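Colleague:
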Amino acid sequence: MFLRPLTLQLEQLDVLTPIHKAYSSRLGFILQYENESYYRDFYRNPFTKPLWTSLCSMAILLSIIFYFLKKCEFRMIGGFECSYPYELLMVVGGYCQHIPPIEAKLISRRIAYLTFFFFAYTIYTYYTSNLLSHLVNDKDTGITLHSLAETHMEGVVADYIMMSIADYVSKNYCYLIVTD
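Converting from the sequence shown to our numbering requires adding 60 to each position, the first position being numbered 1.
(1) Determine the contact status of P106 and L195, defining contact as a CB-CB distance below 7 Å.
(2) Going by Cα to Cα distance, which pick from L174, D227, G138, K109 is closest to M150?
(3) Considering only residues of the region 95-163, which uninterrupted alpha helix (DSSP H) runs meet the minimum length of 4 residues and lie entirely inside it, listed in chain order?
(4) Pairing CB atoms from the region 134-142 with CB atoms from the region 113-125, are three or more of them under 8 Å?
(5) Tell me the rounded alpha-carbon separation between K189 and G154.
(6) Judging by CA-CA distance, which residue of E141, F102, F179 is the nearest neighbour of L122?
(7) What number of angstroms, rounded off, separates the C-alpha of H158 from the C-alpha of K109?
(8) Of the choices F177, D227, E163, T185, whose alpha-carbon is the least far from that of K131?
(9) Using the Cβ count rule (16 or more neighbours within 10 Å means buried), how would you classify E147?
(10) Rounded to whole angstroms, what is the Cα-Cα separation between Y144 and P161?
(11) By alpha-carbon positions, which one of L111, R104, L129 ends up nearest to I167?
(12) Within a Cβ cutoff of 8 Å, which residues of the same chain sit near I171, ignoring the five residues on either side of it in sequence?
(13) Skipping 5 residues on each side, what residues in its chain have a beta carbon closer than 6 Å to that of C142?
(14) What's the C-alpha gap between K165 and F177?
(15) For D227, I'd like the list of residues in its chain whose CB is within less than 8 Å of its CB, leaving aside the five on either flank, ordered along the chain.
Pasting the structure below:
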């Protein structure tokens with residue numbers, strides 16, 4: 061929830077030009093868990109640890125296979141140079157659905173890439189749908205001061221500097237009138 065606590069009149073902007081952004085910014089609260097493992101666990105949640113391990117090992121194995129296929133294509137037809145980091149980047153990009161451009165001239169290499177991309181699309185779709193279902197089915201509880209005091213969240217006031225400046229100006233400069 062955000063509030064805009066202070067509204068300034070145009071005459072006051074001449075005096076407040078350097079700190080106008082601080083006065084016109086919004087005030088809100090950021091609720092953050094103390095332990096960052098909550099966020100890490102949320103993104104690991106859709107898959108189990110053995111599945112994550114198999115996906116990582118499969119990425120390394122596939123990048124090696126793709127590297128050898130590219131090396132064979134390079135020897136047979138010629139073309140651009142081969143590099144293992146590019147193939148590894150291509151596999152990780154396939155998992156994330158951000159694939160760099162590929163020039164495959166041999167049918168075997170095209171079939172290998174196509175099979176991998178279908179597999180990666182299936183994994184990506186399952187992962188994102190599970191993440192979204194965890195977001196939608198999250199416990200929706202009302203936040204009260206008592207429940208905030210009981211949880212392990214850190215309450216951080218956003219734009220605290222703006223509140224300090226407003227307090228300082230209101231105490232020290234009586235000719236400045238701030239309206240609601």
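Where is the CB? At the ideal position from N, CA and C, for every residue including glycine. Keep in mind that this is a model prediction, so the values were computed, not measured.
Modeller: The structure says:
(1) Their beta carbons are not under 7 Å apart, which means P106 does not touch L195 by this criterion.
(2) It is L174 whose Cα lies nearest to the Cα of M150.
(3) 97-104, 109-136, 144-156
(4) Touching, no, given that fewer than three Cβ pairs across the two stretches are closer than 8 Å.
(5) The amino acid occupying residue 189 in the given sequence is Ser; Lys does not appear at that position. Their backbone Cα atoms lie some 17 Å apart in a straight line.
(6) F179
(7) 24 Å
(8) E163
(9) buried
(10) 15 Å
(11) L129
(12) The answer is none, since no qualifying residue turns up.
(13) If we look at C142 and ignore the five residues flanking it on each side, its Cβ neighbours are K130, K131, F134.
(14) 17 Å
(15) Sequence-distant Cβ neighbours of D227 in its own chain, meaning closer than 8 Å and more than five residues away, do not exist here.
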